[in-house]
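In what follows, a structure is listed as structure tokens, so that the remarks can point back to it.
In this note's numbering, the protein residues as written are 17 to 137.
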């Protein structure tokens, strides 16, 4: 069973993602604070990370860049998401593997998740 970590400061989005991804058979952990991301990755060891671009005082892009520059986390696929339309243009600069605009379409989300997990194998 693939493990997915979802990082967002919107509790409603975390709840929906946790329910949806769990129903699809994934082992899901959610966190709402950017500063908890690295310790959670070290303990949970996710196969995929869904990361909001802006997380209450933290920049998800900086977190992504840190993950991609670390030998132990660089190969974990990161899908970033944001309600800000311009965010998609810059996420590649930080090493993100894909992007989803909020509000997201469930089918699109699942397609991107499955694509990243397949390419991981």
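Where is the CB? At the ideal position from N, CA and C, for every residue including glycine.
Query: Beta strand (DSSP E) runs wholly inside the region 24-89, at least 3 long, in chain order; Result: 43-47 and 64-68
Query: Status (buried if at least 16 other CB within 10 Å, exposed otherwise) for residue 27; Result: exposed
Query: As assigned by DSSP and simplified to three states, the class of residue 112; Result: coil
Query: Which listed residue (24, 29, 25 and 18) has its alpha carbon closest to that of residue 122; Result: 29
Query: Through-space distance from residue 75 to residue 106, alpha-carbon basis; Result: 12 Å
Query: The region 35-47 in contact with the region 83-101 per 3-pair CB rule at 8 Å; Result: no
Query: 7 Å Cβ cutoff met for residue 36 and residue 60; Result: no
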